[in-house]
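Visitor: Before anything else, here's the structure in question.
Numbering (my numbering), first residue to last: 363 to 468.
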């Protein structure tokens, strides 16, 4: 595995809501670097700096990945994994409003 590859890709929504896999520090850095200046916030800055540090070999790729995930989650770009959906359904938090609506009509 290349030193800046993520162990697991991060799936995010880009453009008009199309999912894409961010597989490396470089992929994350490019997305963050091209992020519109008017939409940047503290989470963006932390993730961008972590990616820079990882590209320079100062931190590992998984540290940069975790900051990128935090940024994506904060910006509502993170696509939930199947495991996330299953876990949420198990505790009744995913789609509960819709399920409640359908249960009333049955």
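C-beta: ideal position from N, C-alpha, C; glycine also.
Note that this is a predicted model, so its numbers are computed, not measured.
So the candidates are 365, 367 and 389; which of them puts its Cα closest to the Cα of residue 374?
Guide: Against the chain shown, residue 374 aligns to sequence position 12. Measuring from the Cα of residue 374, the nearest candidate turns out to be 389.
Visitor: Are the region 378 to 385 and the region 408 to 415 touching by the rule of at least three beta carbon pairs closer than 8 Å?
Guide: no
Visitor: Mind checking whether the beta-carbon of residue 389 lies closer than 7 Å to any heavy atom of the ligand ATP?
Guide: The ligand ATP is absent from the structure shown, which contains no ligands of any kind.
Visitor: Is DSSP giving residue 406 helix, strand or coil here?
Guide: Locating residue 406 in the chain shown gives position 44, where the first residue counts as 1. Helix, per DSSP.
Visitor: Taking the alpha carbon of residue 377 as the reference point, which residue from 451, 393 and 385 has its own alpha carbon closest?
Guide: Working through the chain shown from its first residue, we reach residue 377 at position 15. Nearest of 451, 393 and 385 to residue 377, Cα basis: 393.
Visitor: What separation, rounded to the nearest whole angstrom, lies between the Cα atoms of residue 420 and residue 429?
Guide: Residue mapping note: residue 420 aligns to position 58 of the chain shown, counting from 1. Residue mapping note: residue 429 aligns to position 67 of the chain shown, counting from 1. Between residue 420 and residue 429, the C-alpha separation is close to 15 Å.
Visitor: Is it buried or exposed for residue 386, if we count other Cβ within 10 angstroms and need 16 for buried?
Guide: Reading the chain shown from its first residue, position 24 is the one you call residue 386. Burial call: buried.
Visitor: What are the boundary residues of the alpha helix (DSSP H) that residue 425 is part of?
Guide: In the chain shown, the residue the question calls residue 425 occupies position 63. Segment 423 to 436, the alpha helix (DSSP H) holding residue 425.
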